[in-house]
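In UniProt numbering, the protein residues as written are 1 to 138.
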């Protein structure tokens, strides 16, 4: 059984989805595992991870808009230590989740044809976000 782990860092430009599929695939390929399980963990409470369509570019802003409707900014939150987008960012991260598990089958991530891995930035300002990756397999 092999194991590999690392921390990948990604720059965001503010609220939106950053596709990180290529970087994750490249990292996993380096571990040379034929069958296994890849786990990803976003190390932040105001950003998250999701698997979503990567073919139609309109999907990304539609998701961001939907999340903004579910957890809008406003004066109705008690927690606003880092500004008015602080608490809505936490709620959006709850809705989308901070971890993913992806099987490795025949040396490749078992993603579907139109699936990509995204880092969701829920804050308005640019950030550097960390994603912990762990791969176990043979």
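All C-beta atoms in this analysis are idealised placements derived from N, C-alpha and C, irrespective of residue type, glycine included.
A residue is called buried once 16 or more other Cβ atoms fall within 10 Å of its Cβ, and residue 22, having fewer, is exposed.
With a cutoff of 8 Å on beta-carbon distance, residue 37 and residue 106 are scored as not near each other.
When 122, 87, 104 are compared, the shortest CA-CA separation from residue 26 is found for 104.
Exposure of residue 5 is indicated by the presence of fewer than 16 other C-beta atoms within 10 angstroms of its C-beta. Each of 125, 43, 31, 12 was checked against the Cα of residue 83, and the nearest Cα belongs to 125. Per the C-alpha coordinates, the member of 16, 33, 108, 129 positioned closest to residue 1 is 33. Here residue 53 has 59, 114, 115, 116 as same chain residues with Cβ atoms under 8 Å from its own Cβ, once five neighbours each way along the sequence are excluded.
For residue 30, the enclosing alpha helix (DSSP H) has its first and last residue at 21–31. Residue nearest to residue 19 within the set 35, 39, 57 is 57 (criterion: CA-CA distance). Residue state for residue 71 is assigned as coil, using DSSP reduced to three classes. Taking residue 17 as the centre and dropping the five residues before and after it, the same chain places the C-beta of 60, 118, 120 closer than 6 Å to its C-beta, in chain order.
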